[in-house]
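Student: With positions in the sequence shown counted from 1, the corresponding number in the working numbering is that position plus 4. C-beta: ideal position from N, C-alpha, C; glycine also.
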Amino acid sequence: MDNSAVVVQYDVRQRNTAVENYREAADKAIDQLREELETLDQLDLQGGLRCEFMMAGDGNSEEFNSFLGRELFFCAHHAIHHNMIIKVANGSSSSSSS
């Protein structure tokens, strides 16, 4: 997989999509992502890419060098963070993850 021209823009995404509103669409998207991730090998994970982040609320962005494996790790870590926020918001006080 050649990631050299890829720019990941974390702050730019569509809002109010079917994935956000319909569980079936989310399940299908997750299945598709899982299938794609399972095809990656070590070289794919080391592939370079650029990430664009908005550093302040003024709308200006900066680009940084990264690699696919690092960005996938970041997304997994960020998902855990969001799951814990949901758990707290739902009033669960158990420290075990489920």
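Under the DSSP definition of a beta bridge, which residues are partnered with Gln13?
Tutor: Glu56
Student: For Arg38, which residues of its own chain have a beta-carbon under 8 Å away from its beta-carbon, when the five flanking residues on both sides are left out?
Tutor: No residues qualify anywhere along the chain.
Student: Under the three-state reduction of DSSP, which class applies to Asn94: helix, strand or coil?
Tutor: DSSP places Asn94 in coil when its eight states are reduced to three.
Student: Quick check on DSSP: helix, strand or coil for Asn69?
Tutor: strand
Student: Thinking Phe120 and Leu53 are a contact (beta carbons under 8 Å), I'd like their distance in whole angstroms, please.
Tutor: Residue 120 cannot be examined here, being either before or after the span of the chain that is shown, 5 to 102.
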